[in-house]
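Participant: Supplied in structure tokens, the structure appears directly below.
Protein chains: 2
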Amino acid sequence: MKAGQTRQRILDTAAAWFRHEGLAFTSMADLAKFIGVKTSSLYYHFESKDSLIEETLRLGIELVHNEVRQAVESLGPGATHRERIRAAILAHLRTILGDNDYSSANIINYSHAPVNVRQKNREVRAAYGRYWASLLEAAQRDGAIAKDMDLSIARMLLIGALNWTVEWYSPKGKTPDEIADQCSRIFFDGVGLGAAPSKAKSAAPKAKSPRGSR
Amino acid sequence: MKAGQTRQRILDTAAAWFRHEGLAFTSMADLAKFIGVKTSSLYYHFESKDSLIEETLRLGIELVHNEVRQAVESLGPGATHRERIRAAILAHLRTILGDNDYSSANIINYSHAPVNVRQKNREVRAAYGRYWASLLEAAQRDGAIAKDMDLSIARMLLIGALNWTVEWYSPKGKTPDEIADQCSRIFFDGVGLGAAPSKAKSAAPKAKSPRGSR
DNA sequence: GTCTATAGATAGATAGAC
DNA sequence: GTCTATCTATCTATAGAC
Numbered sequence: 005m006k007a008g009q010t011r012q013r014i015l016d017t018a019a020a021w022f023r024h025e026g027l028a029f030t031s032m033a034d035l036a037k038f039i040g041v042k043t044s045s046l047y048y049h050f051e052s053k054d055s056l057i058e059e060t061l062r063l064g065i066e067l068v069h070n071e072v073r074q075a076v077e078s079l080g081p082g083a084t085h086r087e088r089i090r091a092a093i094l095a096h097l098r099t100i101l102g103d104n105d106y107s108s109a110n111i112i113n114y115s116h117a118p119v120n121v122r123q124k125n126r127e128v129r130a131a132y133g134r135y136w137a138s139l140l141e142a143a144q145r146d147g148a149i150a151k152d153m154d155l156s157i158a159r160m161l162l163i164g165a166l167n168w169t170v171e172w173y174s175p176k177g178k179t180p181d182e183i184a185d186q187c188s189r190i191f192f193d194g195v196g197l198g199a200a201p202s203k204a205k206s207a208a209p210k211a212k213s214p215r216g217s218r
Numbered sequence: 005m006k007a008g009q010t011r012q013r014i015l016d017t018a019a020a021w022f023r024h025e026g027l028a029f030t031s032m033a034d035l036a037k038f039i040g041v042k043t044s045s046l047y048y049h050f051e052s053k054d055s056l057i058e059e060t061l062r063l064g065i066e067l068v069h070n071e072v073r074q075a076v077e078s079l080g081p082g083a084t085h086r087e088r089i090r091a092a093i094l095a096h097l098r099t100i101l102g103d104n105d106y107s108s109a110n111i112i113n114y115s116h117a118p119v120n121v122r123q124k125n126r127e128v129r130a131a132y133g134r135y136w137a138s139l140l141e142a143a144q145r146d147g148a149i150a151k152d153m154d155l156s157i158a159r160m161l162l163i164g165a166l167n168w169t170v171e172w173y174s175p176k177g178k179t180p181d182e183i184a185d186q187c188s189r190i191f192f193d194g195v196g197l198g199a200a201p202s203k204a205k206s207a208a209p210k211a212k213s214p215r216g217s218r
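What follows is the structure in structure tokens.
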């Protein structure tokens, strides 16, 4: 088999195993067995397990970055900021919750990767973060986001809400599109009604006294 | 040394290592060395590494659950739903970003834990989720959350935004209180102004054409 | 309760034949 | 490019002395 093909199979298999089993529970022997080669063959294509991890994680970021950018740009120049950010949210969610394993593998494993791997991934991650920052900054500049809103916090909270879906999303539950819709709505308008805060009537029915109920 | 003391030291050390190194990169030998005993001594106090993991993770959930519940209940019955949920957000963030290692260790490692460990933690996790659900349901019942808002999605997105802070929070940056403030504001009112959506003027200055810019 | 000693398994990685 | 064979390290866990 040609080098490029085998190399690609190793990457694809690694992404899938990293996504579903995690970095530590995926051994080189697991990958080799799944692919149908011997462990030593993997080292012809990759210098080490770390380098395999590094490339897999990098491809995951590049994939979601490309998907999000394309989704936003395909809206054309006439789109509103809300539409653009909504498209970014949707593309991000579809990518990390979809069949492609690379992006979800990155999200799930990045913080557990060896330091040298994280270091090599830092720039591609930062580039993706900057893209989101540019979306939010443009929206704030044009008044679609309140002037006194801290964009770095807002961005990290939003990305966090999206990334955490890999922990709870199930194909049997709400679809990525439904989640994206609601996330966009909350992000821009909140769960409230813009009405005056209502008093809590019997808000804590089971609690007899504050503190020490346990 | 008495059994209870050593046992507690093992748990505390494990929580710290699990938080900062991860489950897989924390060996029983690491813990023993740090504590100043031999590896075999750990097995007098814990049946296996898995059982140590299981107890550490369980304590993490119980801790944050207690902290959040106390924070909400200490507000008293006159508090609004916004105040109650804001207090829950703040307590959750303070706990997972603070000095105590148990809760952050849980958040960081739960999805990477062996299946039998996750299974044993399922109920305590579910109980904490139900508490949050009760807060949101009460708010929706009294009109503080829009009737057509799906509470399960809203809850998971909110908890996700909070939990993901362990990935990016730095003591040198924004404080947990500042993050909590902004999170509450976004959750209830969004980043927008409630105004009509504004058109994006020159929203994508660097993009010449949709698709294919790379 | 903690120790010494070690079993038994598995990990990442390399050498050299083909 | 892939193989067989193997090295070395490290891991979880146990047996039995003290």
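Chains A and B are the protein sequences, given in the same order.
Take 5 as the starting number for the first sequence in the numbering used here and just add one per residue.
Take 5 as the starting number for the second sequence in the numbering used here and just add one per residue.
Glycine included, C-beta positions come from ideal geometry on N, C-alpha and C.
This structure is a prediction, so every number in the text was calculated from the model and none was measured.
Taking the beta carbon of Arg297 (chain A) as the centre, do at least 16 other beta carbons fall within 10 Å, making it buried, or is it exposed?
Facilitator: Because chain A here runs from 5 to 218, residue 297 (chain A) falls outside it and cannot be looked at.
Participant: So which residues of chain A does Gly64 (chain B) contact, with C-beta pairs closer than 8 Å?
Facilitator: Chain-ordered listing is empty here: chain A has no CB closer than 8 Å to the CB of Gly64 (chain B), the nearest sitting near 15 Å.
Participant: In whole angstroms, what is the alpha-carbon distance linking Asp185 (chain A) and Arg129 (chain A)?
Facilitator: 25 Å
Participant: So with CB distances below 9 Å, who are the chain B contacts of Ser115 (chain A)?
Facilitator: Gly26, Ile112, Val170 and Glu171, listed in chain order.
Participant: So, does the segment 162-177 of chain A touch the segment 164-174 of chain B, judging by three or more C-beta pairs under 8 Å?
Facilitator: yes
Participant: So, helix, strand or coil for Thr169 (chain B), using DSSP?
Facilitator: DSSP places Thr169 (chain B) in helix when its eight states are reduced to three.
Participant: Out of curiosity, what's the CA-to-CA distance linking Met153 (chain B) and Ser52 (chain A)?
Facilitator: 48 Å
Participant: Of all the options A:Gly8, A:His69, A:Tyr132 and A:Leu27, which has the alpha carbon lying nearest to the alpha carbon of Val121 (chain A)?
Facilitator: A:Leu27
Participant: Please check the pair Asp193 (chain B) and Gly194 (chain A), which I expect to be a contact at CB under 8 Å, by giving their CB distance rounded to whole angstroms.
Facilitator: That belief holds up - the Cβ atoms of Asp193 (chain B) and Gly194 (chain A) are roughly 4 Å apart, short of 8 Å.
Participant: State yes or no: is the beta carbon of Asn167 (chain A) nearer than 7 Å to at least one beta carbon in chain B?
Facilitator: yes
Participant: Please state the DSSP three-state secondary structure of Leu155 (chain A).
Facilitator: Helix, per DSSP.
Participant: Closer than 9 Å by beta-carbon distance: list the chain B residues that pair up with Gln186 (chain A), in chain order.
Facilitator: Met153, Asp154, Ile157, Ala158 and Leu161
Participant: Just to make sure I have the definition right: I need the residues of chain B whose C-beta is within less than 7 Å of the C-beta of Val195 (chain A). Which are they?
Facilitator: Ile149, Ala150, Met153, Ala158, Phe191 and Phe192
Participant: Just checking my contact of Arg23 (chain A) with Ile112 (chain A) at CB under 8 Å: how many whole Å lie between their CB atoms?
Facilitator: Confirmed, about 6 Å.
Participant: I'd like to check one pair, Val76 (chain A) with His96 (chain A): are the Cβ atoms closer than 7 Å?
Facilitator: Not in contact: His96 (chain A) and Val76 (chain A) (Cβ atoms no closer than 7 Å).
Participant: Please classify Asn110 (chain B): does DSSP put it in a helix, a strand, or coil?
Facilitator: helix
Participant: For chain A, check one thing: does any of its Cβ atoms lie closer than 7 Å to the Cβ of Ile93 (chain B)?
Facilitator: no
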